[in-house]
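I have placed the structure first, in the form of structure tokens, so that the comments after it can refer back to it.
Protein chains: 2
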Amino acid sequence: MGDFTLAVDVMGGDFGPRVTIPALAKALSQHSNLSLLLFGDESQITPLLEKYSLLHSPKIQLHHTEQMIDADIPFSKAIRQSKNSSMRLALEAVKEGKAQGCVSGGNTGALMGLAKLLIEPLPNIERPALTSLIPTMNGKSTVMLDLGANIEVSNSQLQQFAEMGNLFAQVMLDLVYPRLSLLNIGTEENKGTAQLQAVHQQLKKRQDLNYIGFIESDKLTSYLTDVIICDGYTGNIALKALEGAAKNIISLFKKEKADSNICRNTKRYLLKLIFYRYYRKLQEINPDRHNGATLLGLSKVIVKSHGGANANAFYYAIDYAIQQIEGDIPNKILQGLSQNPLIK
Amino acid sequence: MGDFTLAVDVMGGDFGPRVTIPALAKALSQHSNLSLLLFGDESQITPLLEKYSLLHSPKIQLHHTEQMIDADIPFSKAIRQSKNSSMRLALEAVKEGKAQGCVSGGNTGALMGLAKLLIEPLPNIERPALTSLIPTMNGKSTVMLDLGANIEVSNSQLQQFAEMGNLFAQVMLDLVYPRLSLLNIGTEENKGTAQLQAVHQQLKKRQDLNYIGFIESDKLTSYLTDVIICDGYTGNIALKALEGAAKNIISLFKKEKADSNICRNTKRYLLKLIFYRYYRKLQEINPDRHNGATLLGLSKVIVKSHGGANANAFYYAIDYAIQQIEGDIPNKILQGLSQNPLIK
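In order, the protein sequences belong to chains S and A. Take the first sequence: its letter number 335 is residue 335 in UniProt numbering, and every next letter is one higher. Take the second sequence: its letter number 58 is residue 58 in UniProt numbering, and every next letter is one higher.
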């Protein structure tokens, strides 16, 4: 893979440059073919670049702007605020071909809306879908989409999500004939909404897809499937419930780990050893490592990081974007869709 | 509280009497005012009653039936199979006043359908809602409804769920002015479906309810609210995702615990001690302890146990039914609703 450039909204997310710059420093050290276009407030960014010895790095171009989009305002307001904002400038750099992808931890609605506005969609895809790799208990990953871009979808849009998820899993998980499932409240054919029952029948007839039926949300991480398809409302509810549970349980053990640090008796070394072992186990399913949702269905790689991401989590969002650029995902999906005899 | 009787579908659930009888034996030992009407196959039940020294207990009446409803068939089929089934006979005993409540781990659709058919609904409640207490990270509980009884609901039905949840939390959690929240994919007013936005505005105007706004599914166990209100599809997706994550993570540690049992070196005692400490912590949020969903809005207590419940979990479902009978829940909700000036 040749060199490539990532446009980054340095100001996005709850912690701005304090989180994004350390994450970018790590990404640069891991990917020698990576260059960065950074958008944000010079006065906040420069000291951090200096700290990480990146102030004069030839890999970094910093574009100063003090404008940014507030985190939680609705899209209609955000669009009015967006001119010269760090997020919009990053997306425009991608649109103009100056970068192959964009990462932002800013306002989700604004990022999705602006990306749809600025970045060309793939042909035959009506709506892009927020797509993530979620961790499974056996240490592998499952693709899940839509995670919140589309509150309500049509039957044909759900089928498009299935097609995109299929191609995404082929490239990102290196699978030949990925298993596809529809998320539902039961696995029997009569379960769930009329829409799910109808799309289930449509997908069953598709010989080009390895559709294996409904899956319930208690099996998201069970590796029973490779692609989980749902509307954005359902996906968002399910994923957040999963992440909330994982974060909460992990936090129980982090507290325990901190407690162990003040043990001053002879058991101390052993305690640490054991806690470390637990901690490693939990790290495998730590949501941080699966931070990043891509807006699949656009002609470029646009990745949303969690707003509350720490530097480690933001690094994984960058890594997720890089994997997609290196895997040439938008093009692979374009080619896959155009080879599909069912798509006109 | 005086004596009361529980009608139990002994055959329901994946393991039938092997799980239900040990759970019932424990319930009898804990509740001296409890009597049981058991429905199921004598030839399977009698040996187990003997094992637990309950064969001639004056607290138990066994009604033999070999009929039972298959676990996963749709309601239309189940209703035809239901005559003389253990589940239907248990519900009929409640209908006829022979028992104050019913517990079953059988076919969920059949139990909900038959209960709605046989048990009188409370006035002004259009549809009963599956209601559970979910564990919070601080060791307390939050009421959540609907968890799967109603795939699609009207705005007024969601308001009825809010009213029932409010009264349920007052009695079961001993709260004066419980906090109510609507489950949504964001906390801002513009988030989610048109229905959620409309019901949000309606609940905000209700001065008799302590409605505090939207809650996201990653906060289900954060004790930010006392009652979480949603349609049955959303509730089912969210709760199963939460339970799946909890079960999976707990299973990681159970495995670790089993491993520790074969440690044969000097560290053995210490390891056990530490694992026990972890294990206790996890038990607090173990879904087993919160097994049981009640069909709230009926004039009697009808509790559904997980089909896959073990004896410990089934015991908690029985305990949940007993708490509701002792708390006189159906009557309290009836009184609360009739005192509400907004309800005609």
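The C-beta atom is built at its ideal place from N, Cα and C for all residues, glycine as well. Values in this document were obtained by computation on a predicted structure and should not be read as measured data.
> With distances taken from CA atoms, which of S:Ser305, S:Gln67, S:Cys102, S:Glu216 is nearest A:Gly148?
Replying inline: S:Glu216
> Which whole-angstrom value is the C-beta distance of A:Asp218 and S:Gly244, which I expect to be below 8 Å?
Replying inline: 3 Å
> A:Arg179 to S:Ile249, Cα distance in whole Å?
Replying inline: 24 Å
>> Please classify S:Pro123 as buried or exposed, where buried requires at least 16 other C-beta atoms within 10 Å of its C-beta.
In response: Classification for S:Pro123: exposed.
> At what residues does the beta strand (DSSP E) containing S:Leu38 begin and finish?
Replying inline: 34-40
> S:Arg289 to S:Leu175, Cα distance in whole Å?
Replying inline: 21 Å
>> Check whether the segment 227-239 of chain S and the segment 136-155 of chain S are in contact - that is, three or more C-beta pairs closer than 8 Å.
In response: yes
>> Suppose you measure from the CA of A:Ile325 to the CA of A:Gln100; what does that come to, to the nearest Å?
In response: Roughly 7 Å separates the two Cα atoms.
>> Just verifying my parser: in three-state terms, what is the DSSP assignment at A:Pro338?
In response: The question names Pro, yet the displayed sequence has Ser at residue 338 of chain A. In this structure, A:Ser338 counts as helix in the three-state DSSP scheme.
> With 8 Å set as the bound, which would you pick, yes or no: does the beta-carbon of S:Tyr316 sit closer than that to a beta-carbon of chain A?
Replying inline: no
> Quick one, which residues of the segment 212-238 of chain A are near chain S if we go by CB-CB under 7 Å, in chain order?
Replying inline: Glu216, Ser217, Asp218, Lys219, Leu220, Thr221, Tyr233, Thr234, Asn236, Ile237, Ala238
> Would the beta-carbon of S:Leu196 fall within 8 Å of that of S:Asn184?
Replying inline: In this structure, S:Asn184 lies closer than 8 Å to S:Leu196 by Cβ.
>> Give me the DSSP bridge partner(s) of A:Tyr211.
In response: Note: A:Tyr211 sits in a beta bridge opposite A:Leu180.
> Of all Cβ atoms in chain A, is any one closer than 8 Å to the Cβ of S:Thr142?
Replying inline: Residue-level contact check: S:Thr142 does not touch chain A, since none of the beta carbons of chain A fall below 8 Å from its beta carbon.
> Thinking just about the alpha-carbon of each residue, which of S:Ser222, S:Gly109, S:Asp226, S:Thr221 is nearest to the one in S:Ile212?
Replying inline: S:Asp226
> In chain order, what residues of the same chain lie with their CB nearer than 6 Å to the CB of A:Met68, ignoring the 5 residues before and after it?
Replying inline: Met11, Ser85, Ser86
>> So, at 6 Å on beta carbons, what are the nonlocal neighbours of residue 355 of chain A in its own chain, with the 5 sequence-adjacent residues on each side left out?
In response: Nothing can be reported for residue 355 of chain A, as the shown portion of chain A is limited to 1 through 344.
>> Applying the 10 Å Cβ sphere with the 16-neighbour rule, what's the burial state of S:Gln339?
In response: Under this definition S:Gln339 is an exposed residue.
> Does S:Lys240 get closer than 8 Å to chain A when you measure Cβ to Cβ?
Replying inline: yes
> Taking any Cβ of chain A, which residues in the segment 132-165 of chain S have a Cβ under 8 Å from it, in chain order?
Replying inline: Met137, Gly148, Ile151, Glu152
> Nearest chain A C-beta to S:Gly12 closer than 8 Å, yes or no?
Replying inline: So, not an interface residue.
> Near S:Gly109, which residues of its chain fall below 6 Å by C-beta distance, leaving aside the five closest residues on each side in sequence?
Replying inline: In its chain, beyond the 5 residues on either side, Phe75 have a beta carbon closer than 6 Å to the beta carbon of S:Gly109.
>> Strictly by DSSP, which residues pair up with A:Ser141?
In response: A:Pro135
> Counting along the chain, where does the alpha helix (DSSP H) carrying A:His56 start and finish?
Replying inline: Taken as a continuous stretch (DSSP letters only), A:His56 belongs to no alpha helix (DSSP H), as it is neither H nor E.
> So what does S:Cys102 bridge to, in DSSP terms?
Replying inline: Its beta-bridge partners are S:Ala7, S:Ile302.
> What residues of chain A sit near S:Asn248, judged by a beta carbon separation below 7 Å?
Replying inline: Met137, Thr221
> To the nearest angstrom, how far is it from the Cα of S:Asp14 to the Cα of A:Gln81?
Replying inline: Distance from the CA of S:Asp14 to the CA of A:Gln81, rounded to the nearest whole angstrom, comes to 57 Å.
> Nearest chain S C-beta to A:Asn107 closer than 8 Å, yes or no?
Replying inline: It does not; no Cβ of chain S falls within 8 Å.
> In terms of alpha-carbon separation, which member of S:Gly307, S:Gly16, S:Ile79, S:Leu239 lies closest to S:Val143?
Replying inline: The residue with the shortest Cα to Cα distance from S:Val143 is S:Leu239.
> Using CA coordinates, which residue listed in A:Leu334, A:Gly307, A:Ala311, A:Leu224 is at the minimum distance from A:Lys140?
Replying inline: A:Leu224
>> Can you list, in chain order, the residues of its chain with a C-beta nearer than 7 Å to that of A:Val301? Leave out the 5 residues immediately preceding and following it.
In response: Gln100, Gly101, Thr294, Ala321, Gln324, Ile325, Ile329, Pro330
>> Quick check on this structure: which residue in A:Pro135, A:Tyr316, A:Ala162 has the alpha carbon closest to the alpha carbon of A:Ala246?
In response: A:Pro135
> Does any CB atom of chain S fall closer than 8 Å to the CB of A:Ala293?
Replying inline: no
> When the Cα of S:His64 is compared with those of S:Ala309, S:Ala241, S:Ile45, S:Leu54, which residue comes out closest?
Replying inline: Measuring from the Cα of S:His64, the nearest candidate turns out to be S:Ile45.
> What does A:Ile185 reach in chain S if we use C-beta pairs closer than 7 Å?
Replying inline: Gly148, Tyr233, Asn236, Ile237
>> Using C-beta distances below 8 Å, list every residue in its chain close to S:Ser299, excluding the 5 sequence neighbours before and after it, in chain order.
In response: Excluding positions up to five away in sequence, the list reads Ile119, Glu120, Pro121, Leu122, Pro330, Leu334.
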